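In order, the protein sequences belong to chains D and X. Residues in the first sequence are numbered consecutively from 1, following the numbering used here. Residues in the second sequence are numbered consecutively from 1001, following the numbering used here. See structure below.
Protein chains: 2
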Amino acid sequence: MIKKRLFTPGPTPIPESVMLRMAEPIIHHRNPEFREIFKRVSENLKYLFQTKQPVLTLTCSGTGGIESTFVSLFSPGDTIISVNGGKFGERWVKMPKVFDYNVFEIKNKWGTAPTENEILNALKQNPNAKGVYLTHSETSTGTATDIKLISKVIRENSNALVCVDGITAIGAHEFRFDDWGIDVCVTGSQKGLMIPPGLAFVCLSQRAISAMEKSTTPKFYFDLRKALKSFADDDTPFTPAITLIVGVDAALQIIKDEGIENIWHQHERKANAIRAGVTALGMKLFSNSPSFAVTPVWLPENVDWKKFNSTLKKTYGITVAGGQDEFTGKIFRISHLGYYDEFDMVTIIAALEMSLNEVGYSFTSGVGVQAVMNYFQNNK
Amino acid sequence: MIKKRLFTPGPTPIPESVMLRMAEPIIHHRNPEFREIFKRVSENLKYLFQTKQPVLTLTCSGTGGIESTFVSLFSPGDTIISVNGGKFGERWVKMPKVFDYNVFEIKNKWGTAPTENEILNALKQNPNAKGVYLTHSETSTGTATDIKLISKVIRENSNALVCVDGITAIGAHEFRFDDWGIDVCVTGSQKGLMIPPGLAFVCLSQRAISAMEKSTTPKFYFDLRKALKSFADDDTPFTPAITLIVGVDAALQIIKDEGIENIWHQHERKANAIRAGVTALGMKLFSNSPSFAVTPVWLPENVDWKKFNSTLKKTYGITVAGGQDEFTGKIFRISHLGYYDEFDMVTIIAALEMSLNEVGYSFTSGVGVQAVMNYFQNNK
Chain D
1 MIKKRLFTPG
11 PTPIPESVML
21 RMAEPIIHHR
31 NPEFREIFKR
41 VSENLKYLFQ
51 TKQPVLTLTC
61 SGTGGIESTF
71 VSLFSPGDTI
81 ISVNGGKFGE
91 RWVKMPKVFD
101 YNVFEIKNKW
111 GTAPTENEIL
121 NALKQNPNAK
131 GVYLTHSETS
141 TGTATDIKLI
151 SKVIRENSNA
161 LVCVDGITAI
171 GAHEFRFDDW
181 GIDVCVTGSQ
191 KGLMIPPGLA
201 FVCLSQRAIS
211 AMEKSTTPKF
221 YFDLRKALKS
231 FADDDTPFTP
241 AITLIVGVDA
251 ALQIIKDEGI
261 ENIWHQHERK
271 ANAIRAGVTA
281 LGMKLFSNSP
291 SFAVTPVWLP
301 ENVDWKKFNS
311 TLKKTYGITV
321 AGGQDEFTGK
331 IFRISHLGYY
341 DEFDMVTIIA
351 ALEMSLNEVG
361 YSFTSGVGVQ
371 AVMNYFQNNK
Chain X
1001 MIKKRLFTPG
1011 PTPIPESVML
1021 RMAEPIIHHR
1031 NPEFREIFKR
1041 VSENLKYLFQ
1051 TKQPVLTLTC
1061 SGTGGIESTF
1071 VSLFSPGDTI
1081 ISVNGGKFGE
1091 RWVKMPKVFD
1101 YNVFEIKNKW
1111 GTAPTENEIL
1121 NALKQNPNAK
1131 GVYLTHSETS
1141 TGTATDIKLI
1151 SKVIRENSNA
1161 LVCVDGITAI
1171 GAHEFRFDDW
1181 GIDVCVTGSQ
1191 KGLMIPPGLA
1201 FVCLSQRAIS
1211 AMEKSTTPKF
1221 YFDLRKALKS
1231 FADDDTPFTP
1241 AITLIVGVDA
1251 ALQIIKDEGI
1261 ENIWHQHERK
1271 ANAIRAGVTA
1281 LGMKLFSNSP
1291 SFAVTPVWLP
1301 ENVDWKKFNS
1311 TLKKTYGITV
1321 AGGQDEFTGK
1331 IFRISHLGYY
1341 DEFDMVTIIA
1351 ALEMSLNEVG
1361 YSFTSGVGVQ
1371 AVMNYFQNNK
C-alpha cells in the first residue's frame, strides 16, 4: 500500500478531475463540441501567457514546439544568439545549426543564468542577430533567468526577436508576454499545465508573425503559418491530441479559478519551503539563481546516489530527478511544479529525511520537515 | 439520454478499459515501469505490422509520422513517385515538394486505386526513383490499394523503397510488412489501434534504415536516426505522450488476444455488412475498390446533406464523416474501423434508416437493418 509519488519536473502529477475528464468518451475534432472546447482553451492559454496574442497548440513534445519556432521564423544563414546553461539550452544551440542557421552561443556555467552584460556583448558582436533564445527555467539545473530584464535589454539594443523556452517556467514563474515585449514563448503540457505530455503551446507576437512570412526554411508539420491560419477558425491543421486538449481545458479552468498571480506566488512559496527544508538538513543548493519549478540539491558527500535513489523509490515510492551529464550522481532535483500543495512539500522532505537516515547521512531528525512547516506558517 | 456515437475514421471509439488505463496516475518515462510498458508496446507493434523490424513511436499525428519518413530517408533532388487518389495522397505529393524533392505524381480519380500498369509506367519514366508512396486505405475516398501486388511490382522493377501510408489501414486490412517486402509503413493511434490521436508509428526495413544514413535533409524532431537509437534502449529521444503509450499497451493486448487475422476478418465482415445495408436501402457505393475501414456512400439525389447530417447528429447522436472537396454534400462516409461489433453496424444502418425517413427519402423500412443482420448470420 505504498503510494507512488512523482516529484519530477515533467511529467508532473495530474489532478484527479483532469484525468477523469480525459477518460470521457472521445469526441471528434471537427465537431462543434470540440471547437467550443478548443476556442476556450485558446482563450485561457492567452491568460496563462498574459497576452492578447495567439497561442497555438501543436501535437508534439516541447522540443517539437521550439523546433516549430526555429523553422517558421528564420531562414538558413540567419544569426541566432542562443543561451546554453544546461541540457535544454544546449539543445537550442544544436537545433538551429541543423537548419543551417548561424548560431552564436552564450555558454553559462551550469547553475548560473545569463547576465545583462553577456547579452549586451552578444548583441554587439552580432548586430544582425534575428533572434535570441533564452530558457526561462532550465530544467537540468533548476536555474531561472530574469526574462523581464533580459527581454528589456534585447528590445532596447537590437531588432532580434526575444524567444523564450518557457517549458518548465510557465505556470510557475511570473511571465507577462505582452508587458515584457516577448516575441515567442513555448511551453509543454506536462509541466505547469498539469496534464500528460503530448502537446506544445506557442505564443507569437506580431513581430514574430511578420517574420514567418520571410522564412524560407522547409517545413510542413511544424509550419506555424498553417497553425495560425487554422487557429482563426478554432481549428488545427492536423488531427490534434484531442483527449489532451480536453485535459488542458479542465486544467486551465483550475488555473483560472485559482488566479495566475496566486499560482506564481504558491510556486515561490513551495520553492522557498523546499530550500528551507534541504538547507536545514545540511544540504547545499546547486543553483545561484534558483527556479520556482524545480530545486536541484548537492548530494551530501558520503551519500551514494544509487542507494539513496533506490531507497526513495523502492521503500518510499518517491521519484525525484537525478543530475545530468557531469552532475550525474552529484546532484538530485526535486520538482514542485504544478499540482502540489504544502503537504506534498512536507512529504518529500520527510521522505528525504527517512531515506538519508537509511543511507547513513547524519542530521537531527525532523529539522527538515520542521523548516518546511515553519516557512509555510510564517509566509502566507 | 441520447448516447453519442462516432462512426468516423479517426478518432475511432476507445474501449472503456483502455480509457480507464489512460486515466491511471501518470508514470515517469525514464522509470523502469514505463520502459517495461514501452518495450512490450514495441514488441506488440511488430505483431500488428507483421514484422521483425523496429516500429518506432513518435509523438505527433499521422502526418508527422509520414513527414519523418520523407525527411529521414531522402535528400533534396531525390525522385519520389507519389500516388494521389484523395486528400491524403494529395498531401503526400505536396509534402515532399516542400523538402525540394522531385515528385512524380500518379493521379487517380477519387474512388479508384492505382493499377499495376500505372505503377510500372511511373517506374519506367523514373528509373532513379528513390521511393514510391502509396496509401493503403485512402480515408477521403474509402478506397483500398492492393499493397501486396503493387509492392511486388515495385520490388521486381526498381530499387525504390516501398513506402505505405497505413494510417487508416493497419488493423483493418491484411498487412504483412516482411512478407510483402514493404520498406516503410506509418500508422496513427486514433485509427485501428483504438486510442486517442497523438501518436504515430513508423516501421522501417533494413533497406530503409540504410537509406537514413545517406539523407541530408535538415531534421531534428523527426530524425528517425534519433528515434531508432533510443529504441534500442526501449526509450524515446524526446518526452513521449506517456498516457497514450499506456493506452496503446492496453489496446495492443486486446488485438493480440483477438488475433490479428481475426481482426482483419472482422473488418472485412463489418465492411461487407455496411455495403449490404446501404445497398438494400437503394444507395450506391462510391468506391470501385472499397476499403474495410470506411465506406463512402453516394447521398441519394433528393437528400440534402446538411439536413440529413443534422438529423443524424442532433436527433440520434450519430457522427459520420461528410465528403471532402468536390464531393462535399455528395457523399458521406461510415467508419467501421476499430472498436465496433455487429450490433454497432445494426445501429448505424438503423440510424441511417430513421434519418433518411425523416428527410423524405423513400425506401422499405427495415430492409437495411435486415440486410446487415442477414449478412452477419450467413457469413461467419
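Glycine included, every Cβ here is placed at the ideal spot set by N, Cα and C. Keep in mind the model is a prediction, meaning the values are calculated, not measured.
In the three-state scheme derived from DSSP, where H, G and I count as helix and E and B as strand, residue 287/D is classed as coil.
For residue 332/D, the beta-bridge partners assigned by DSSP are 297/D, 322/D. In this structure, the straight-line span from the alpha carbon of residue 59/D to that of residue 241/D is close to 6 Å. For the segment 176-187 of chain D, there are no residues whose beta carbon sits under 9 Å from a beta carbon of chain X.
Residue pairing of residue 163/D in beta bridges, as defined by DSSP: 133/D, 184/D. In the same chain as residue 1088/X, and ignoring 5 residues on each side of it, the C-beta atoms closer than 8 Å to its own belong to 1135, 1138, 1139, 1140, 1165, 1167, in chain order. Taking the C-beta atoms as reference points, residue 1053/X is found nearer than 9 Å to residue 1203/X. For residue 107/D, no chain X residue has a C-beta closer than 9 Å to its own C-beta; the minimum C-beta separation is roughly 20 Å. For the pair residue 1254/X and residue 1017/X, the CB atoms are nearer than the 9 Å cut-off. Your pair residue 1145/X and residue 1287/X does not check out as a contact, with CB atoms roughly 11 Å apart and the cut at 8 Å.
Residue-level contact check: residue 1283/X does not touch chain D, since none of the beta carbons of chain D fall below 9 Å from its beta carbon.
Interface annotation, residue 336/D: not in contact with chain X, CB-CB separation never under 9 Å.
Rounded to whole angstroms, residue 1191/X and residue 275/D show a C-alpha spacing of 47 Å. Taking the Cα of residue 3/D as reference, the smallest distance to any Cα among 315/D, 333/D, 306/D is reached at 315/D. In the structure shown, residue 1056/X adopts extended strand secondary structure according to DSSP, grouped into three states.
The beta carbon of residue 1126/X sits closer than 7 Å to those of 1079, 1081, 1104, all from its chain and outside the five residues before and after it, given in chain order.
Annotated three-state conformation of residue 36/D is helix, per DSSP. Cβ contact annotation for residue 338/D (same chain, cutoff 6 Å, sequence separation greater than five): 12, 192, 194, in chain order. DSSP places residue 82/D within a strand segment (E or B) once states are collapsed to three. If the five residues before and after residue 270/D are omitted, its C-beta is found closer than 7 Å to the C-beta atoms of 336, 340, 345, all from its own chain and listed in chain order. Residue environment: residue 1281/X is assigned as buried (16 or more neighbouring CB atoms within 10 Å of its CB, all protein chains considered). For residue 103/D, the enclosing beta strand (DSSP E) covers residues 102-107. In this structure, the beta-carbon distance from residue 1252/X to residue 1101/X does not fall below 9 Å. Near chain X, meaning a CB-to-CB distance below 7 Å, the residues of the segment 221-239 of chain D are 221, 238, 239. Between the C-alpha atoms of residue 1244/X and residue 248/D there is a straight-line separation of about 15 Å. Comparing alpha-carbon positions, the option among 1259/X, 1092/X, 1263/X lying closest to residue 1172/X turns out to be 1263/X.
Near chain X, meaning a CB-to-CB distance below 7 Å, no residue of the segment 304-318 of chain D qualifies. In this structure, residue 298/D lies away from residue 322/D, with their beta-carbon atoms at least 9 Å apart. Chain-ordered, the chain X residues with CB closer than 7 Å to the CB of residue 31/D read 1319. For the pair residue 1215/X and residue 1353/X, the Cα-to-Cα distance works out to about 53 Å.
Residue 292/D is not a Cβ neighbour of residue 175/D, given a cutoff of 9 Å.
When rounded, the separation of the alpha-carbon atoms in residue 19/D and residue 256/D is 18 Å. 1030/X is the residue among 1057/X, 1030/X, 1132/X, 1317/X whose C-alpha sits nearest the C-alpha of residue 324/D. Going by DSSP, residue 200/D is part of the beta strand (DSSP E) stretching over 199-204. Inter-residue distance for residue 1159/X and residue 1112/X is about 26 Å (C-alpha atoms, whole angstroms). Residue 130/D counts as buried, since at least 16 other C-beta atoms from the protein chains shown sit within 10 angstroms of its C-beta.
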